[in-house]
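> Numbering (the numbering used here), first residue to last: 1401 to 1675. Glycine included, every Cβ here is placed at the ideal spot set by N, Cα and C.
1. Can you give me the C-alpha to C-alpha distance between residue 1570 and residue 1536, rounded to a whole angstrom?
2. Return helix, strand or coil for residue 1662, following the three-state DSSP convention.
3. Taking all protein chains shown into account, do 16 or more other C-beta atoms lie within 10 angstroms of the C-beta of residue 1483, making it buried, or fewer, making it exposed?
4. So, with DSSP's three-state summary, where would you put residue 1595?
5. Using the C-alpha atoms, what's the distance from residue 1584 back to residue 1595?
6. Give me the Cβ distance between residue 1426 and residue 1523, rounded to the nearest whole Å; I'm assuming they're in contact under 8 Å.
7. Given that a residue counts as buried once 16 or more other Cβ atoms are within 10 Å of its Cβ, and exposed if not, what is residue 1575?
8. Taking the Cβ atom as the reference point for each residue, do residue 1597 and residue 1640 lie within a distance shorter than 8 Å?
9. With DSSP collapsed to three states, give me the class of residue 1518.
10. Go ahead and pull the three-state DSSP assignment for residue 1507.
11. Considering only C-alpha positions, which residue in the set 1653, 1438, 1605 is nearest to residue 1507?
12. In three-state terms, what does DSSP make of residue 1652?
13. Within the same chain, show all residues whose beta-carbon is closer than 7 Å to that of residue 1443, passing over the 5 residues directly before and after it, in chain order.
14. Determine the closest residue to residue 1578 out of 1665, 1503, 1430, with distance taken between C-alpha atoms.
15. Return the chain-ordered list of same chain residues with a C-beta closer than 8 Å to the C-beta of residue 1519, the five sequence neighbours on each side being excluded.
16. Might you give, ordered along the chain, the residues of its own chain that have their beta carbon closer than 7 Å to the beta carbon of residue 1509, omitting 5 neighbours on each side?
17. Roughly how many whole angstroms lie between the Cα atoms of residue 1566 and residue 1435?
18. Candidates 1633, 1658, 1616: which alpha carbon is nearest residue 1497's?
19. Hey, quick one: how far does the beta strand (DSSP E) through residue 1537 stretch, first residue to last?
20. Report the rounded CA-to-CA distance for residue 1633 versus residue 1448, giving the unit in angstroms.
21. At the level of alpha carbons, what is the spacing between residue 1601 and residue 1624?
22. Can you tell me whether DSSP reads residue 1468 as helix, strand or coil?
23. Judging by CA-CA distance, which residue of 1599, 1501, 1563 is the nearest neighbour of residue 1528?
24. For a minimum of 4 consecutive residues, which ranges assigned as the alpha helix (DSSP H) are wholly contained in the segment 1606-1635?
25. Starting from residue 1573 and walking both ways along the beta strand (DSSP E), at which residues does that stretch end?
26. Mind checking whether the beta-carbon of residue 1508 lies closer than 7 Å to any heavy atom of the ligand MN?
27. If you compare alpha carbons, which of 1445, 1580, 1485 is closest to residue 1512?
28. Alpha helix (DSSP H) containing residue 1450: first to last residue?
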């Protein structure tokens, strides 16, 4: 209804990115998405604990489509080498640092449950609202949705499929379950970023700065590589408009793309460079 106040489920700060907060329609209602202070403070606390000076994004990047297509090609061509020592070292760093970040999220009191439904949030923006309004989050368990496979091979060597000491909804959580929570919280919720191509790229930028250089190489595979493949790979044209149920996701592979993928486009300066 005209004249109704815009609902603000977050705290606007003086240093919000230039293109945020943004108001979008969710179920016909104007909802404003922007920086969420509990997530920012948790990110700051984690980074301080490991000696990282975190540069919160000062602006959203518009998509560099040429670079995104090149990253999609890199992921498509990347060899699955799960037993390579350097690849494993990058993945183990990613896992260890993700679990450490999770400890700081737990201190916010966030209540996490495994979703009883296939898609707990038909509109992904509702995941952000659930956290910012209710301090609650449904995560889809890894065993239900992991790439294009319907089941997980018990002999899989992917470090993200290792069991943790964390229990969610009475079940032992895998590292990948925790990774999904941590990335949604620090990648998307922290700045109020969406889940389409531009939102995923900017969520990568905001979260990658919290990882060590070694871990970021594996993070680039798991986030930037897979997201670019989804949006700009062989199924990109239909994926960019598809509902989640109709999206063709990337195959899960353990490997590392060229090093520039983990670094290029991270800063606030608009860059058109493509390696």
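Well, looking at it:
1. 16 Å
2. helix
3. exposed
4. coil
5. 10 Å
6. 6 Å
7. buried
8. yes
9. coil
10. coil
11. 1438
12. coil
13. 1454, 1586, 1590, 1610
14. 1503
15. 1540, 1644, 1645
16. 1535
17. 28 Å
18. 1616
19. 1536-1539
20. 37 Å
21. 7 Å
22. helix
23. 1599
24. 1613-1619, 1626-1632
25. 1571-1574
26. Of ligands this structure carries none, so the ligand MN is not represented either.
27. 1580
28. 1437-1450
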